[in-house]
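Shown next, in structure tokens, is the structure this report addresses.
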Amino acid sequence: MSAFLALIRASFQREVEHRAKMLVRILGSLVEIVARVSIWQAVFSGHGSMNGITLSQMVTYALIGGTILSSWDATMIVRDVGTTIRTGAIGATLLRPVGYPLMLLAEQLGARFFDWLLISLPVIAIMGFCYGLQLPASFGHGILFVGFLFVSLAVLMLTGILLGLFSFWVFDAHSLEWFMRGALATLSGGLVPIWFFPAGLATVAHVLPFSWITYHPMAVYLGARDLASSALYLVAGGGWVMALGLAVAFVWSRACGQVVVQGG
Amino acid sequence: MASIISAENVSKIFQQRVSQPGVLGAVRGFIAPIKRPVPAVDDITFSIAAGEAVGYLGPNGAGKSTMIKMLTGILAPSAGMVTVLGRQPQAERVANARQIGVVFGQRTQLWWELPLFESFELHRRMYRMPADLFARNRTDLTEMMGLSSFLDRPVRHLSLGQRMRAEIAMALMHDPRILFLDEPTIGLDVVAKDVVRKFLSRINRERGTTIILTTHDLQDIEEICPRLIMVDEGRLLFDGAIGELRSRFGARRRLTLEFVSEPGRVRVAGAELVGGEGRVREFLLADDGRSLVELLAALEADVDLRDVRLHEPGIEEIIRTHYQARAAA
């Protein structure tokens, strides 16, 4: 456990080293939020609410869903694993007495916590000031949202690691990365909430694990569900986390025999 | 002494995809790739006892690194069995990793962006080292390898020599019983090489750490390793003391005689005339251990000698001769 925490810390520190990168990313994130909010303003112009959702709720959805719950950077895991394998750095990584998926998880968590603290929070504060930010629907919803936040993080990391591990067979992680990026952008509800999906797709997206990344947490935050059904969704999300965890363990046990260290 | 590392009939075969020429070939290769098995390690057997220092030598592509990767648990052998400290390293990778130290000359294990001391700190956590052991080893190794002046510098700012010293120090931090080094002196200057070599042989002597080292640089082996394992094209060529190498590969001493004037016919009993012109004659000597005095006593010549040279081939020469002979064949 101590090793795991130390690795998270190291990855966090590593991000801190790149200060210029951080400023550019804050800027990028601001632009993205402005774009998202503008789209929703255009869509809602002349309508008080759509499907029972108000513009002010959608702005909050875009703000939190586009930062803390965003799936955009998760594909980084896939790229990182791909690079490690392509350059042969996997060899040195496997010399450490720590399980590889665990090392990956720690590394990504460190980077993610850094993002939350130094990119998402400032962006939410600035944009919230400009457009207004709704608070959680109730105290209970707020508490549940914290639980959803961890489920969201876990689903995101585990899907990333799972796909990343496939690089041991595919080698070219790029294709995997784009597959994941596409799947996440639509199915997580990160770009468009599942409320606005056509009925058939909505039903599918609703039960797939991706919707726990952005859509379900935000639905709870905004109070679109009562507390009891929100809690039920949280438990279901926990189920997905366990399933994905098992899948990662299984795929890794298979990947071990596939290791090829490239470049001597 | 009991062996702590053993390889029994170990082979590692990589499947290499064969590229076919032309667009049609490329399409065919995409649909039904042709794979060719390439043996990187071919039926190798050896065993190493605790406290030994062994040089693992061979030209590029001889399968040295592949063997090290199997011993450190990164790769699984295709056939045969590797045992390190009673375990199969690939199946019990994490347990194996705790008891060995590894340095790859061409890859870093330090955290590139972080100050050096942070890498050591992470190492302590990952290897679950007791605080007092870590403090002691850190102090000792920092002093022995002269790291104190750059402990707080990010690793990416270190010179190659500094970095390699740090890599070796870190690999030894958790008191491993075996230290694997894959080309540890590659790219280092003469002074840095010397530091690394002296340090390694000291660690082997004083701590009894078993050392397995691959290298192209024979001087590494001459200074650190009494035992040599030589491989080529995946196969074992030689396993024994460095001194035995000479007799095994039949590298013979060369005697050069220079006379005061053109000597005409010259004979030395038990030596073969191989060259020379004018006042110089060269002989290859049989491997019979005769001294220079004995050789000169066997000299039959009508002219007086001006100078005599006896040349002992170094291991570099022996090995070069062997590889060249193989390349020509």
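If you read the protein sequences in the order shown, they are chains R and D.
Per the numbering used here, the very first residue in the first sequence carries number 6; after that it's consecutive.
Per the numbering used here, the very first residue in the second sequence carries number 1276; after that it's consecutive.
The beta carbon of each residue, even a glycine, is placed where N, CA and C say it ideally should be.
- Secondary-structure assignment with DSSP links D:Gln1290 through a beta bridge to D:Pro1312.
- Listed along chain R, the residues sitting closer than 7 Å to D:Met1401 by beta-carbon distance are Ala8, Arg101, Pro102, Val103.
- Classified as exposed, R:Leu10 has fewer than 16 neighbouring CB atoms from the shown chains inside 10 Å of its CB.
- The beta carbon of D:Leu1512 is closer than 7 Å to those of Met1505, Val1506 in its chain, skipping five residues each way along the sequence.
- Residue pairing for D:Ala1354: DSSP places it in a beta bridge opposite D:Ser1286.
- In this structure D:Leu1360 touches D:Arg1452 by the C-beta definition: roughly 7 Å separates them, less than 8 Å.
- Among the CB atoms of chain R, one or more fall inside 7 Å of the CB of D:Val1377.
- Residue range 1485 to 1490 is occupied by the beta strand (DSSP E) that includes D:Ile1487.
- In the three-state DSSP reduction, D:Glu1393 falls in the helix class (H, G or I).
- Between the segment 30 to 38 of chain R and the segment 1406 to 1417 of chain D there are fewer than three C-beta pairs closer than 8 Å, too few to call the two in contact.
- When DSSP reads this structure, D:Asp1507 sits in a beta bridge with D:Arg1510.
- Rounded to whole angstroms, the separation of the alpha carbons of R:Ile166 and R:Leu109 is 7 Å.
- Only exposed fits R:Leu28, as fewer than 16 other CB atoms lie within 10 angstroms of its CB.
- The shortest C-alpha to C-alpha distance from D:Leu1389 to any of R:Gly133, R:Arg84, R:Leu154, R:Glu22 is the one to R:Glu22.
- Of all residues in the segment 14 to 42 of chain R, the ones placed with a Cβ closer than 7 Å to any Cβ belonging to chain D are Ala15, Gln18, Arg19, Glu22, in chain order.
- Closer than 7 Å to the CB of D:Leu1397 there is at least one CB belonging to chain R.
- For D:Phe1534 and D:Gly1589, the gap between their C-alpha atoms comes out near 26 Å.
- The CB of R:Leu12 comes closer than 9 Å to the CB of Leu1397, Arg1400, Met1401 in chain D, given here in chain order.
- No Cβ of chain R is located within less than 7 Å of the beta carbon of D:Val1543.
- Counted as a single uninterrupted DSSP element, the stretch harbouring D:Thr1417 is not any beta strand (DSSP E) but the alpha helix (DSSP H) occupying residues 1406 to 1419.
- DSSP places D:Glu1481 within a helical segment (H, G or I) once states are collapsed to three.
- Here R:Met223 is buried. Its C-beta has 16 or more other C-beta atoms within 10 Å.
- The C-alpha of D:Lys1287 lies about 13 Å from the C-alpha of D:Gly1348.
- For the segment 1404 to 1433 of chain D, the set of positions with a beta-carbon nearer than 7 Å to some beta-carbon of chain R is empty.
- If you check the CB distance, D:Asn1412 and D:Met1439 do not come in under 7 Å.
- Taking a beta-carbon distance threshold of 7 Å, D:Leu1385 does not count as an interface residue toward chain R.
- The continuous stretches of beta strand (DSSP E) do not include D:Gly1436, which lies in the alpha helix (DSSP H) extending over residues 1435 to 1447.
- Straight-line spacing of the CA atoms in D:Ile1443 and D:Pro1459 works out to 8 Å.
- Classified as exposed, D:Met1356 has fewer than 16 neighbouring CB atoms from the shown chains inside 10 Å of its CB.
- Contact of D:Leu1389 with chain R by beta-carbon distance below 7 Å involves Ala15, Gln18, Arg19.
- According to the DSSP assignment, D:Phe1524 belongs to no beta strand (DSSP E), since it is labelled neither H nor E.
- Contacts with chain R at 7 Å (Cβ-Cβ) include D:Val1369.
- Listed in chain order, the positions of the segment 1560 to 1577 of chain D with a beta carbon within less than 9 Å of a beta carbon of chain R would be empty, since no residue qualifies.
- The DSSP-derived three-state label of R:Glu182 is helix.
- At least one beta carbon of chain R lies nearer than 7 Å to the beta carbon of D:Arg1382.
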